[in-house]
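A.B. asks: For the sequence shown, position 259 (counting from the first letter as 1) is numbered 260 according to our numbering, and the numbering increases by one without interruption. We treat Cβ as the ideally placed atom computed from N, Cα and C, and that holds for glycine.
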Amino acid sequence: MPPLVDTFGRLHDNLRISVTDRCNIRCFYCMPEDATNFQPRAEILSFEEVERFVRVAVSLGVNKIRLTGGEPLLRKDLPVLIQKILSIDGVRDLALTTNGVLLPKLAQPLFDAGLRRINVHLDTLRPERFRQITRRDDFDNVVEGIELCRSLGYGPIKINAVAVKNLVEDDIVPLARFGRERGIEVRYIEFMPLDSQGLWQRDKVLLMDDMLAMLAREICPLEPIPNQDPRAPATEFRFADGIGGVGFIASVSKPFCLNCNRIRLTADGHLRYCLFAIEEMNVKDLLRSGAGDEEIADLIRANVRAKWIGHEINTKGFVPPPRPMYAIGG
Ligand code: SAM
Ligand code: SF4
Numbered sequence: 002m003p004p005l006v007d008t009f010g011r012l013h014d015n016l017r018i019s020v021t022d023r024c025n026i027r028c029f030y031c032m033p034e035d036a037t038n039f040q041p042r043a044e045i046l047s048f049e050e051v052e053r054f055v056r057v058a059v060s061l062g063v064n065k066i067r068l069t070g071g072e073p074l075l076r077k078d079l080p081v082l083i084q085k086i087l088s089i090d091g092v093r094d095l096a097l098t099t100n101g102v103l104l105p106k107l108a109q110p111l112f113d114a115g116l117r118r119i120n121v122h123l124d125t126l127r128p129e130r131f132r133q134i135t136r137r138d139d140f141d142n143v144v145e146g147i148e149l150c151r152s153l154g155y156g157p158i159k160i161n162a163v164a165v166k167n168l169v170e171d172d173i174v175p176l177a178r179f180g181r182e183r184g185i186e187v188r189y190i191e192f193m194p195l196d197s198q199g200l201w202q203r204d205k206v207l208l209m210d211d212m213l214a215m216l217a218r219e220i221c222p223l224e225p226i227p228n229q230d231p232r233a234p235a236t237e238f239r240f241a242d243g244i245g246g247v248g249f250i251a252s253v254s255k256p257f258c259l260n261c262n263r264i265r266l267t268a269d270g271h272l273r274y275c276l277f278a279i280e281e282m283n284v285k286d287l288l289r290s291g292a293g294d295e296e297i298a299d300l301i302r303a304n305v306r307a308k309w310i311g312h313e314i315n316t317k318g319f320v321p322p323p324r325p326m327y328a329i330g331g
């Protein structure tokens, strides 16, 4: 099968799969407090449907997969899906992005199913600020979950921290120290216009360069890691004293679209070529109408062919996607 190359020459080998649009917390930059418009269960792809889709995608050259949501640990029997995906020949890398709230309960069964790479979302080390951001009281569970992952032998463990201006400035350095002490890379993600309430404004984004300056001033200078994979979304730095490093997903100040290698499958079975895409393609109907693998492969190819050159956050005419972050899969 020819590889998945778009009209700009970008090779696509990376698939993000959302397994649910539900969540057990309510980060204000992602979900409204009173979110209720979740997809009915029947609209959510079954594990068998996801597995079949992955097999077809892998036959087209996809080899790197990340499970996300909503909150993926809310999906019943997730370890079963992990096992199914890991058993597919050609899957080289499987990772999970989670808010960590259920890790104290699920880190062990997920590890037993074969999961090793995990990104845990944590914006602050202050329980009060955590409550302010997430509207829930689960700070201790998340920290306990991270420590449990360390003791079980997960690796790499990364922390995803959303960088919102005038809110988390005084969390940037403590989080980096927390990571340095534990061999965990903290990845700061610039606040993106993907919230469901239209709260995003450019001047609410805490920018990579400002965070870099804070870290250099208060910890020690940082140097870019040489020979980084240009297709990885994060720009990575190591501390000059040799102790650990940090990454930045600078989607607003330094878009990395020109090297994008990702496609996304939503929990309700729609294929998207970009977080910010306006259009999407319905895979679920194909999966449920008896279509053959070749038809599914054609849809994946068509989605990659339709891909734009990049998101338009930095243009005047920017239109946010019709789905908020939790309904796409971050
Ligand atoms: N619930 C899981 C979690 O929070 O990690 C997985 C899904 S969540 C949508 C995936 C990632 O998106 C989170 O790690 C969070 O850091 C990021 N995120 C959510 N809303 C965002 C926004 N408006 N801007 C930037 N990043 C955001
Ligand atoms: Fe839930 Fe993740 Fe969205 Fe927070 S960012 S509300 S944890 S899906």
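Restricting to runs no shorter than 4 residues, where is the alpha helix (DSSP H) found entirely within the stretch 173-229?
C.D. replies: 209-219
A.B. asks: Consult DSSP for Gly146 and reduce its assignment to one of helix, strand or coil.
C.D. replies: helix
A.B. asks: Does Thr316 come out as helix, strand or coil in the three-state DSSP assignment?
C.D. replies: Thr316 falls in the coil class under three-state DSSP.
A.B. asks: According to DSSP, Ala303 sits in a beta bridge with which residue or residues?
C.D. replies: Beta-bridge pairing links Ala303 to no other residue.
A.B. asks: Roughly how many whole angstroms lie between the Cα atoms of Leu126 and Leu79?
C.D. replies: Whole-angstrom Cα-Cα distance: 28 angstroms.
A.B. asks: Tell me Leu68's beta-bridge partners as DSSP assigns them.
C.D. replies: Ile18 and Leu97
A.B. asks: In whole angstroms, what is the alpha-carbon distance linking Ala217 and Val253?
C.D. replies: About 21 angstroms.
A.B. asks: By a C-beta neighbour count over all protein chains shown, 10 Å radius and 16 as the cutoff for buried, is Phe9 buried or exposed?
C.D. replies: exposed
A.B. asks: Sorry if obvious, but does the Cβ on Phe29 come closer than 6 angstroms to a heavy atom of the ligand SAM?
C.D. replies: no
A.B. asks: Going by CA-CA distance only, name the one from Phe140, His122 and Val121 that's closest to Arg130.
C.D. replies: Phe140
A.B. asks: Going by DSSP, what residue range makes up the beta strand (DSSP E) through Val121?
C.D. replies: Arg118 to His122
A.B. asks: Inspect the beta-carbon positions of Ile160 and Val187 and report whether they are closer than 7 angstroms.
C.D. replies: With a cutoff of 7 angstroms on beta-carbon distance, Ile160 and Val187 are scored as near each other.
A.B. asks: Can you determine whether any heavy atom of the ligand SAM sits closer than 6 angstroms to the C-beta of Glu72, and answer yes or no?
C.D. replies: Inclusion of Glu72 in the 6 angstroms shell around the ligand SAM follows from its C-beta lying nearer than that to a non-hydrogen atom of the ligand.
A.B. asks: Report the rounded CA-to-CA distance for Leu74 versus Ile279, giving the unit in angstroms.
C.D. replies: One Cα belongs to Leu74, the other to Ile279, and the distance between them is close to 27 angstroms.
A.B. asks: Alpha carbon to alpha carbon, how far is Leu226 from Ala164?
C.D. replies: Looking at the sequence shown, residue 226 is not Leu but Ile. Taking the straight line from one Cα to the other gives about 21 angstroms.
A.B. asks: How is Thr236 classed by DSSP in three states: helix, strand or coil?
C.D. replies: strand
A.B. asks: Would you mind stating whether Asp269 and Gln84 have Cβ atoms separated by less than 7 angstroms?
C.D. replies: no
A.B. asks: Taking C-alpha atoms, which residue in Gly330, Arg324, Ala303 and Asp294 lies nearest to Glu50?
C.D. replies: Asp294
A.B. asks: Suppose the cutoff is 7 angstroms on Cβ atoms and the five residues either side in sequence are ignored; what does the same chain contact list for Asp124 look like?
C.D. replies: Ile134, Ala162, Val163, Val169 and Asp172
A.B. asks: In terms of residues, what are the limits of the alpha helix (DSSP H) holding Arg11?
C.D. replies: Taken as a continuous stretch (DSSP letters only), Arg11 belongs to no alpha helix (DSSP H), as it is neither H nor E.
A.B. asks: Just mark Arg17 as buried or exposed, buried being the case when its beta carbon has 16 or more other beta carbons within 10 Å.
C.D. replies: Burial check for Arg17: the Cβ neighbour count within 10 Å reaches 16 or more, so the residue is buried.
A.B. asks: Compare the C-alpha of Phe277 against each of Pro194, Asn228, Gln198 and Arg11 and name the closest.
C.D. replies: Pro194
A.B. asks: Is it true that the stretch 100-107 meets the stretch 34-48, where meeting means three or more beta-carbon pairs spaced less than 8 angstroms apart?
C.D. replies: Verdict: no, contact absent.
A.B. asks: Please state the DSSP three-state secondary structure of Ala58.
C.D. replies: helix
A.B. asks: Do Asn142 and the ligand SF4 come close, with the Cβ less than 6 angstroms from some heavy atom?
C.D. replies: Asn142 Cβ: outside cutoff for every heavy atom of the ligand SF4.
A.B. asks: Would you identify the three-state DSSP class for Val247, choosing helix, strand or coil?
C.D. replies: strand
A.B. asks: Which residues mark the beginning and the end of the beta strand (DSSP E) in which Leu272 is found?
C.D. replies: His271 to Arg273 is the extent of the beta strand (DSSP E) around Leu272.
A.B. asks: So, is Val55 buried or exposed, given that buried needs 16 or more other C-beta atoms within 10 angstroms?
C.D. replies: buried
A.B. asks: So what's Arg136 in DSSP terms, helix, strand or just coil?
C.D. replies: coil
A.B. asks: On the three-state DSSP scale, how would you describe Val333?
C.D. replies: In the structure as shown, the chain begins at 2 and stops at 331. Residue 333 is therefore absent and cannot be evaluated.
A.B. asks: Quick check: does the Cβ of Phe319 come within less than 6 angstroms of any heavy atom belonging to the ligand SAM?
C.D. replies: no
A.B. asks: Quick check: what's the CA-CA separation for Ser158 versus Ile310?
C.D. replies: The question names Ser, but residue 158 in the sequence shown is Ile. Distance between the alpha carbons of Ile158 and Ile310: 31 angstroms.
A.B. asks: Give the DSSP bridge partners of Arg127, in chain order.
C.D. replies: In DSSP, Arg127 forms no bridge with anything.
A.B. asks: Please state whether the Cβ-Cβ distance between Ala235 and Cys221 is less than 7 angstroms.
C.D. replies: no
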